[in-house]
């Protein structure tokens with residue numbers, strides 16, 4: 494195993510050269526492994542694997558957590574720790590039956606335990622397997638801080654959000670470049686009296702239409718979702734659809750967008766309405782992975798982290814049946830691995846942080862919570 | 153009345169103060185130390201005593217050791233405090249401190265501590281004193297019935313419990329208006345109620361019902377006499393019982409939101425799972441009623457139903473989430 498890892502990445506040798514002599518052999522394997530089939534099994538829990546930087550640019554233009562993006566910039570590499578929750582979901586994804594309705598996997602856990610990173614890990618797996626990834630980085634962004642709200646051209650009772658829709662379409666185009674010229678639309682879409690998209694035109698054209706004509710971008714998003722939903726799993730199509738939503742509890746919560754001093758219900762927003770339709774498991778040939786997040790959510794108590802608390806009655810009934818995957822704080826082994834990684838990257842500069850006493854202090858201060866540990870180590 | 157008396161006190165106070173102020177210089181002279189006696193012989197300031205001699209204060213006895221120092225450990229405490237009495241620092245052999253501490257200091261000691269004297273104390277009600285009271289009262293008591301040995305037997309024979317308080321105090325009037333309050337407690341399980349009656353009763357009771365102990369508490373204080381409040385409480389209980397057995401026409405409009413417990417039948421969860429299972433099965437079996445019944449009868453669907461009911465009724469926890477996860481995995485054969 495060790496040899497395979499060395500062979501796969503050439504600068505792994507330089508990593509081993511950099512490692513200090515007091516690291517034991519088993520911990521040396523905590524560094525870099527690129528191939529997935531080799532590196533995604535139970536024995537690899539606690540070890541880090543590197544995401545290629547090209548993938549980061551295309552797959553996660555805005556999907557990674559802010560602090561993690563800063564870390565990637567500082568360390569000049571993106572390493573994710575292999576942990577139990579994401580391994581579990583990846584094993585289920587490997588076994589998906591494409592003729593059955595899409596299964597829903599939900600990451601839940603307390604604040605800062607690594608739900609978004611687990612989601613990104615699973616999404617990266619889908620990407621490397623050649624699936625089409627429909628990633629919504631944060632559903633909460635669509636229900637708050639909306640600068641422009643237009644009445645929808647398609648349905649008079651709903652509202653459009655052109656800015657958010659165009660941003661999302663741009664990211665979608667960046668991520669799924671190769672599918673845009675392969676998938677063809679099955680319906681005809683009329684945007685205005687003179688503009689329309691014919692049946693059988695490429696998905697890429699549809700997306701470009703949305704980006705150039707900002708006013709109808711929300712409807713384009715709806716059309717894209719509908720097309721992908723209808724075509725995935727059908728005998729003629731050759732792609733699998735992975736829908737990844739972060740902060741899925743925002744879809745069924747409340748919103749702070751106000752239209753003429755009246756609060757807008759999320760259901761009246763086109764983007765949310767279409768996304769909710771996508772989350773139903775009435776389509777086949779893929780999977781839906783989501784996380785719950787209290788951090789961005791509106792009008793929820795800070796201590797809420799269990800699915801029913803955050804999703805509410807309606808959300809739970811819509812998502813039911815789903816497979817909840819709990820994301821806990823680091824275990825002993827994972828904590829050790831994280832500390833070793835920081836030491837290897839020379840992030841922990843304080844001399845006492847390398848001692849046993851220092852490690853015990855870190856355990857006490859952070860309670861083995863990944864984000865707390867990250868913040869504390871930033872000062873050392 | 154009260155306001156008038158307070159004004160007189162205030163006025164008295166105001167009258168007093170100038171007097172005190174007037175007295176102060178002479179007062180200070182009077183409370184000077186004992187050395188003033190021999191300060192000056194032939195002092196022209198002192199009044200003429202007619203040849204009897206200089207003014208000598210009655211010699212003051214030194215205060216002896218307080219009683220606390222002489223108390224043996226096995227003394228009879230009931231003799232020290234036989235009845236309610238204010239706190240006497242010399243009689244209580246405890247190192248008590250009470251009061252707000254000075255900055256950087258500790259609470260003041262018990263000697264001369266007004267705070268300890270102001271508060272009520274129960275030094276006259278130690279267990280030994282209570283025992284003596286019980287012994288004194290025993291000749292006047294009758295035997296406890298032998299058939300009512302345990303609490304459960306008492307509940308069985310006397311399910312309705314009534315509580316009221318008696319107040320004894322010395323004052324202008326012996327009556328106390330708080331003595332009219334009556335508390336009636338009864339366990340709902342001891343009443344003969346069927347399912348619908350029980351749910352309706354709980355809805356009617358609202359705040360008066362405690363779910364954990366299954367106890368209904370009715371507190372009545374609207375009438376001036378205890379007898380009347382007791383009658384009213386019994387009347388309320390009777391009316392509640394009979395009303396909850398009746399079914400009104402408008403009760404048929406009860407919606408899902410009114411239900412106390414979550415029932416899985418006809419819930420969105422059941423619809424979802426049946427929908428998914430039907431789609432998962434190869435189309436060819438048809439969509440008939442018996443297919444639905446067959447699906448509902450499967451073991452994993454029953455497990456799923458139990459886990460969802462548990463989640464909704466009992467609230468969430470890690471264990472109920474795990475149970476739900478296992479049930480879903482089994483339904484989807486993972």
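Chains as they are written, first to last, in my numbering: chain Z, 494 to 873; chain X, 153 to 486. Beta carbons: idealized from backbone N, C-alpha and C, even for Gly. For clarity, every value in this text was computed on a predicted model and none was experimentally measured.
Does residue i come out as helix, strand or coil in the three-state DSSP assignment?
i                      : result
residue 720 of chain Z : helix
residue 536 of chain Z : helix
residue 675 of chain Z : coil
residue 746 of chain Z : coil
residue 668 of chain Z : helix
residue 228 of chain X : coil
residue 249 of chain X : strand
residue 695 of chain Z : strand
residue 469 of chain X : coil
residue 824 of chain Z : coil
residue 408 of chain X : helix
residue 570 of chain Z : coil
residue 173 of chain X : The predicted position of residue 173 of chain X is uncertain, since its pLDDT is 43 and thus under 50; no value can be drawn from it.
residue 447 of chain X : helix
residue 425 of chain X : helix
Below 8 Å between beta carbons: does that hold for residue i and residue j?
i                      : j                      : result
residue 706 of chain Z : residue 692 of chain Z : no
residue 606 of chain Z : residue 862 of chain Z : yes
residue 578 of chain Z : residue 819 of chain Z : yes
residue 330 of chain X : residue 317 of chain X : yes
residue 253 of chain X : residue 247 of chain X : no
residue 483 of chain X : residue 452 of chain X : yes
residue 360 of chain X : residue 370 of chain X : yes
residue 744 of chain Z : residue 759 of chain Z : yes
residue 721 of chain Z : residue 627 of chain Z : yes
residue 468 of chain X : residue 802 of chain Z : yes
residue 572 of chain Z : residue 543 of chain Z : yes
residue 702 of chain Z : residue 713 of chain Z : yes
residue 695 of chain Z : residue 677 of chain Z : yes
residue 632 of chain Z : residue 775 of chain Z : no
residue 718 of chain Z : residue 767 of chain Z : yes
residue 790 of chain Z : residue 729 of chain Z : no
residue 385 of chain X : residue 372 of chain X : yes
Does residue i pass the burial test, meaning 16 or more other C-beta atoms within 10 Å, or should it be called exposed?
i                      : result
residue 635 of chain Z : buried
residue 191 of chain X : Because residue 191 of chain X sits at a pLDDT of 49, beneath the cut-off of 50, its placement in the model cannot be relied upon, and the following sentence gives the value as read from the coordinates. The residue is exposed, with fewer than 16 neighbouring Cβ atoms inside 10 Å.
residue 638 of chain Z : exposed
residue 401 of chain X : exposed
residue 422 of chain X : buried
residue 326 of chain X : exposed
residue 733 of chain Z : buried
residue 825 of chain Z : exposed
residue 456 of chain X : buried
residue 268 of chain X : buried
residue 183 of chain X : At residue 183 of chain X, the pLDDT of 46 sits below 50, so the modelled position is not reliable; the number obtained from the coordinates is stated separately. Exposed, because fewer than 16 other Cβ atoms sit within 10 Å of the Cβ of residue 183 of chain X.
residue 560 of chain Z : exposed
residue 296 of chain X : exposed
residue 356 of chain X : exposed
residue 293 of chain X : exposed
residue 362 of chain X : exposed
residue 858 of chain Z : exposed
residue 816 of chain Z : buried
residue 207 of chain X : exposed
residue 800 of chain Z : buried
What does residue i reach in chain C if we use C-beta pairs closer than 7 Å?
i                      : result
residue 481 of chain X : Judged by its chain identifiers, the structure shown contains no chain C, and its protein chains are Z and X.
Residues of the stretch 792-808 of chain Z whose Cβ lies closer than 8 Å to any Cβ of chain X, in chain order
799, 800, 801, 802
Could you list the residues in the stretch 592-603 of chain Z with a C-beta less than 7 Å from some C-beta on chain X, going in chain order?
593, 594, 596
Beta carbons nearer than 7 Å to chain X: which residues of the stretch 766-784 of chain Z have them?
774
Along the chain, which unbroken stretches of the alpha helix (DSSP H) at least 4 residues long are found entirely within the stretch 574-642 of chain Z?
577-587, 608-621
Contacting positions in the stretch 419-453 of chain X - beta carbon closer than 7 Å to chain Z
420, 421, 424, 425, 428, 431, 432
Identify each residue in the stretch 812-845 of chain Z for which the Cβ-Cβ distance to at least one residue of chain X is less than 8 Å, and report them in chain order.
813, 814, 815, 816, 817, 818, 819
Taking any Cβ of chain X, which residues in the stretch 564-586 of chain Z have a Cβ under 7 Å from it, in chain order?
585
Residue ranges of each beta strand (DSSP E) within the stretch 318-370 of chain X, 3 or longer
334-339
Residues, ordered as in the chain, of the stretch 738-770 of chain Z that lie near chain X by beta-carbon distance below 8 Å:
none
Relative to chain Z, which residues along the stretch 454-465 of chain X have a C-beta separation below 9 Å, given in chain order?
456, 460, 463, 464
In chain order, what residues of the stretch 631-646 of chain Z put their CB closer than 7 Å to some CB of chain X?
none
Ignoring anything shorter than 4 residues, give me the alpha helix (DSSP H) runs that lie fully in the stretch 368-399 of chain X, in order along the chain.
378-397
Along the stretch 709-723 of chain Z, what residues have a CB closer than 9 Å to any CB found in chain X?
none
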